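Chemist: So that we are looking at the same thing, I have put the structure below in structure tokens.
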Amino acid sequence: MLRAEGVSKAFGGVQALRDCTVEVEQGTIAGLIGPNGSGKTTLFNIVTGYERVGGGEVYLGDRKITNLLPQRVFAAGIGRTFQLTRIFPRLTVMENMLVATQHTGSRRTRNPLARAGGRADRRRAAEVLEFTGIAGHSDALADTLSYGQRKLLELSYVLVADPAIVLLDEPAGGVNPSLIQHIADRIRELNAAGKTFLIVEHNMDFVMGLCGQVTVLDYGTVVAAGPPEIIRSDPRVLDAYLGIAEEDDDADAG
Amino acid sequence: MARQIYEAITDGILGGGVYALMAVGLTLIFGVLDIINIAQGILVVLGAYLSYVLSVHLHIDLFVGLLVTVPVMFVIGVAIQWLFIRPLRGRDRTSMSLLACYAVALIIEGILYRVFGPNYVVLNASYVTSSVHLFGFYLPDIYLYGFALAVACVAALYLLLYRTRFGRSVRATMQNQTAARLIGIDVNRVAAVTFGIGVAVTAVGGMMFGATSGGFNPNSGYDLISRLLAIIILGGLGSIGGALAAAVFMTTAEALVDIWSPDWAVVVFYVALVLVLTLRPSGLFGRSPVRAQ
Amino acid sequence: MSKPVRTGGRAGGILAVFAVLAVFPLVLQNATVTTIAVDTLIFGAAAVAWNIFSGYSGYISLGHAVFFGTGAYTVGIAARAWQLTGDAVFALLPLAAAVAAGLAVPLGLIALRVRRHTFVVITIAFFFIAQLTATNLSVTGGSSGILAPSPNWDAATFNNPFYYTALALLAVTIAMSWLIRGSRFGLQLRAIRDDEDRAAGLGVRAMPVKLAAFVISAIVTGMAGGLWFYFIGQAIPQFAFDPLFDLSVVVMAFFGGLGTIWGPLLGALLIEPAQQWLTLQYTNEYLSEILLGALFLVVILGLPRGVIPTGAEKIAMLRARLRSARETAAAGGPERQRADPVREAGAPGAPARDTGASAREAGP
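Protein chains in written order, with the working numbering: chain U, 1 to 254; chain H, 1 to 293; chain G, 1 to 364.
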């Protein structure tokens, strides 16, 4: 469904990505891992239009989406969160949601002077907030949310636009274990309903327990791709992550 | 005609040296603290008034008086940064800092009006009116001395930035504040001192301005700051070389336009500014602000 | 909940305020007072208009005096060219609006393409270009400016037509501000203020939105300038294009609450009369400059979000504290609350200090 083919990108003298091919099949939860600096976020940026490719193409289904502007990529059905959570702090939680719906609203609500967010949009936003668990803060300023709640908010407003595929950049970063569980459960539920995910993460338990397919990047190239069990014991992967113990605790993240 | 043009060019270059010095101070502040010190214009006027007081009431020579005014302006600069800029926090910090500088500028202007009144004053010395006869032109002594001093100051700044440990700290902070902190640089101190230096140069600029402007009063700050802003934006925020080049270019262009139409000459600055920004938003040599807003 | 009651109560309060403002000059016939009142209303409209752009979008403009002065000169030049006097001059206000709008479009297209820092500086540049142009052109009367036609109405109630026109302008501007804030357009503006790139990535078309706000704001400011010109009787470059105008408007908006509907008006109601009074007491106006600057510093350093939001926040915190105390008592004590990962992630009002702050430092 989503395919980055032979993507390369250099920043000045640094080759961030080198002939990178990553494929995400529809309906799966795919993982993208690799040591720091391996190019994961760069790949995300390229796919979602925040960076231009140096070479290669990106496809969504049959459609070539290489170098499209972020808003076009978003409109095409790819939603994305950021490593450093981006929310609109001086808007309320509900208003944050409505920013994401404002381009998809019905003809009537496209009137700029109409009340922000029609009834249908608000209802849908409330449903999503209920789903992720922060509905209780609907009228609070996003600024007042805790770190974990902000992550949920960002996830929520990405979801409310109903993207076909969601790219998550370190969704479990800096978050306490029970919230990580909560997020993993939500992802699983959405996936069961048909949503595709591509997740960048450092938290191995999270990735291995959740993803059906994992791609490993190192120095901008793909060193391995496959199901978690294979990846876990692939010597090239262990080599990329020098210093990681051979046996992880099989903590049940699933 | 040709003579006028040569004169305009020489005036422009000589005058540009002094503007360059003030602009370099401003761009240095931007580079390190990420803020635009809108008060720089009125601070130049303050420097001019300080030189005036020393010259008229204490009969101290203008250049000798700099030994006093430069440290004084340095301290004022550090005080402004410490009191009004450093406490600002939050995501709007850069906009708020700019507004704080704006407020400080208005306060200083008001104080100058109350102390000195609205009448125009001039800085006088023998070399202000005398000139050197060179290559068939008369080059006013004051311009030559001022240019030499400006060159010396810029050279000193360059040495400070590139040959001292402190200068290295400043450059590190300019490139990446967080990283600088991590390697142990006291960013607060660097910020305060840099602001101080950026303001200290206005003492020199102020003395020159006061001597060559043909009369100044507290209202002169507006004209100055708008030129300085035009210079640093044209040259690119944060680029010291760009500030130098832009300063000389702008003053020369203005001197040339002045031949045809004195009234509209200063508009050259703003029109050039607007043109450049329309075509190339980051200025001629600029880099984008460290924190994207 | 108590929402309908609250909205009803608020609407009633607003009507009461406007009722008072409406009968004000009829009750208080003191010319000095009504003069200050007219000034205040004009600045109030200008401050609310400035806020519609700068407050909602976060792009601080220090050049709105351009539109104020343009409005003033437009009315002046037109009145002189068409030999208008008396009430007819008021009919020129829409013309001032149109000219200001026509100017705002190209200026906005140039200025809104750059980052916020540079934007402020460009607005300052525009300001100086405007002041210079007015001083140098002969159609604008050069440095002596233009005189307004003398109004032909009764000396006793001289200020009244100005007062009511200003009041009408203010009321319309407040209504616009309120309408915009609750609208889709306003939401997009405020999203741009908070994170323009992210908003753009979600489909908000930043340039048209910013430009529209800029033009709307310019229109009102232009009309305010035109009215002011007729009121004080002349337009001189350094007063029609006065840096103190911009500072005043900015301080008013910041003081009352940047980005709120009523904040700038509150700021104007408090600051402008004070300024005028100071100018009357101490004939040299430099004192007001110093105090205005000092007030601005106090606001920026101590009360950065202004009176209204800070006040509202304090009230909300009090209410929340009362409510949670009541809830805890009802639930039979804190232990009874179910373990809930989202709840454990943190309660509202306890913003993430550590990670949030360092994330801000590091920057995107």
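All C-beta atoms, glycine included, are put in the ideal place defined by N, C-alpha and C. This structure is a prediction, so every number in the text was calculated from the model and none was measured.
What distance in whole Å lies between the Cβ atoms of Phe74(U) and Gly203(G), which are believed to be in contact at a cut-off of 8 Å?
Modeler: Their Cβ separation, rounded to whole angstroms, is 6 Å, which keeps Gly203(G) and Phe74(U) in contact under 8 Å.
Chemist: Inspect the beta-carbon positions of Leu17(U) and Thr42(U) and report whether they are closer than 9 Å.
Modeler: It is a contact, given that the beta carbons lie within the stated cut-off.
Chemist: Given that a residue counts as buried once 16 or more other Cβ atoms are within 10 Å of its Cβ, and exposed if not, what is Tyr6(H)?
Modeler: Exposed, by the Cβ-count rule.
Chemist: For the alpha helix (DSSP H) containing Lys314(G), name the first residue and the last one.
Modeler: Here the alpha helix (DSSP H) through Lys314(G) covers Val307 to Ala330.
Chemist: Shortest alpha-carbon distance to Phe116(H) belongs to which of Leu161(H), Gln81(H) and Asn219(H)?
Modeler: Closest option to Phe116(H), Cα to Cα, is Asn219(H).
Chemist: Considering just the uninterrupted stretch of the alpha helix (DSSP H) at Gln175(H), what are its terminal residues?
Modeler: It spans Arg165 to Gln175 - the alpha helix (DSSP H) in which Gln175(H) sits, taken as one unbroken run.
Chemist: Could you tell me whether any Cβ in chain U is nearer than 9 Å to the Cβ of Val204(G)?
Modeler: Val204(G) counts as touching chain U.
Chemist: Could you check which residue in Val222(U), Pro228(U) and Glu229(U) has the C-alpha nearest to that of Ala240(U)?
Modeler: The shortest C-alpha separation from Ala240(U) is found at Val222(U).
Chemist: According to the neighbour-count rule (16 or more other Cβ atoms, all chains shown, within 10 Å of its Cβ), is Thr118(G) buried or exposed?
Modeler: Answer is buried; the Cβ neighbour count reaches 16.
Chemist: Applying the criterion that 16 or more other CB atoms from any shown protein chain within 10 Å of the CB defines a buried residue, is Thr431(G) buried or exposed?
Modeler: Nothing about residue 431(G) can be read from this structure; chain G reaches only from 1 to 364.
Chemist: Thinking just about the alpha-carbon of each residue, which of Asp185(U), Gln181(U), Lys9(U) and Gly117(U) is nearest to the one in Glu57(U)?
Modeler: For Glu57(U), the nearest C-alpha among the options comes from Lys9(U).
Chemist: With burial defined as no fewer than 16 other Cβ atoms inside 10 Å of the residue's Cβ, what is the status of Phe43(G): buried or exposed?
Modeler: Buried: at least 16 other Cβ atoms inside 10 Å.
Chemist: Quick one: complete alpha helix (DSSP H) runs, 4+ long, within the region 34-71 of chain H?
Modeler: The region 34-71 of chain H contains these whole alpha helix (DSSP H) runs: 40-57.
Chemist: Out of Leu141(U), Gln213(U) and Val214(U), which has the shortest C-alpha to C-alpha gap to Glu95(U)?
Modeler: The residue with the shortest Cα to Cα distance from Glu95(U) is Leu141(U).
Chemist: Check the Cβ-Cβ distances between Leu187(G) and every residue of chain U, and say whether any is below 9 Å.
Modeler: True, the Cβ-Cβ gap to chain U drops below 9 Å.
Chemist: Arg321(G) versus chain U: which residues are under 7 Å apart at the beta carbon?
Modeler: Per Cβ cutoff of 7 Å: no residues; Arg321(G) is ~14 Å from chain U at best.
Chemist: Note down, in chain order, each residue of its chain lying with its Cβ closer than 7 Å to the Cβ of Gly205(H), except the 5 sequence neighbours on either side.
Modeler: Excluding positions up to five away in sequence, the list reads Val18, Leu21, Met22, Val44 and Gly47.
Chemist: Report buried or exposed for Tyr120(H), applying the criterion of at least 16 other Cβ atoms within 10 angstroms of its Cβ.
Modeler: By the 10 Å Cβ count, Tyr120(H) comes out exposed.
Chemist: Please name the residue or residues paired with Ala4(U) in a DSSP beta bridge.
Modeler: In the DSSP output, where bridge partners are listed per residue, Ala4(U) has Val22(U) and Val58(U).
Chemist: At what residues does the beta strand (DSSP E) containing Leu167(U) begin and finish?
Modeler: That run of the beta strand (DSSP E) goes Ile165 to Asp169.
Chemist: Do you know how far the Cα of Ile134(U) is from the Cα of Gly346(G)?
Modeler: Reliability fails at Gly346(G), whose pLDDT of 42 lies under 50, so the model's placement of it is uncertain and no value is given.
Chemist: My output table needs one value for Leu269(G): the three-state DSSP class, helix, strand or coil.
Modeler: Leu269(G) falls in the helix class under three-state DSSP.
Chemist: Between Ile87(U) and the rest of its own chain, which residues show a CB-CB distance below 7 Å, the 5 nearest in sequence each way excluded?
Modeler: These residues qualify, in order along the chain: Asn96, Ala142, Arg150, Leu153 and Glu154.
Chemist: Give a single yes or no on whether Met94(U) has its beta carbon closer than 8 Å to a heavy atom of the ligand GTP.
Modeler: The model on display carries no ligand, and the ligand GTP is accordingly not part of it.
Chemist: Examine chain G for any beta-carbon lying closer than 9 Å to the beta-carbon of Leu60(U), and answer yes or no.
Modeler: Judged by the 9 Å Cβ criterion, Leu60(U) is not in contact with chain G.
Chemist: Roughly how many angstroms separate the alpha carbons of Leu92(G) and Ala78(G), rounded to a whole number?
Modeler: Each residue's Cα considered, the two are about 8 Å apart.
Chemist: Can you name the start and end residues of the beta strand (DSSP E) that Arg80(U) belongs to?
Modeler: Unbroken beta strand (DSSP E) run through Arg80(U): Ile78 to Arg80.
Chemist: Mapping the DSSP letters down to three states, classify His64(G) as helix, strand or coil.
Modeler: In this structure, His64(G) counts as coil in the three-state DSSP scheme.
Chemist: At which residues does the alpha helix (DSSP H) containing Ala166(G) begin and terminate?
Modeler: Asn160 to Arg181 is the extent of the alpha helix (DSSP H) around Ala166(G).
Chemist: With C-beta atoms as the reference, is Val214(U) less than 9 Å away from Ile33(U)?
Modeler: For Val214(U) and Ile33(U), yes; Cβs fall inside 9 Å.
Chemist: Contact criterion: CB-CB distance below 9 Å. Does Asp242(G) meet it with respect to chain A?
Modeler: The chain inventory of the structure shown lacks chain A, comprising the protein chains U, H and G.
Chemist: Considering only C-alpha positions, which residue in the set Tyr157(U), Gln26(U), Arg63(U) and Glu127(U) is nearest to Arg198(G)?
Modeler: Cα-wise, what sits closest to Arg198(G) is Tyr157(U).
Chemist: Would a C-beta distance cut-off of 9 Å place Pro227(U) and Gly209(U) closer than the cut-off?
Modeler: No, these two residues do not count as a Cβ contact at 9 Å.
Chemist: Please confirm if Pro112(U) has its CB atom under 9 Å from at least one CB of chain G.
Modeler: Yes, Pro112(U) counts as interfacial toward chain G.
Chemist: Looking at Ala38(H): is its Cβ nearer than 9 Å to the Cβ of Ala105(H)?
Modeler: Here residue 38(H) is Ile; the residue named in the question, Ala, does not match the sequence. Closer than 9 Å, so yes.
Chemist: Run through DSSP, which three-state label would Ala37(G) get?
Modeler: Note: Ala37(G) maps to helix in three-state DSSP.
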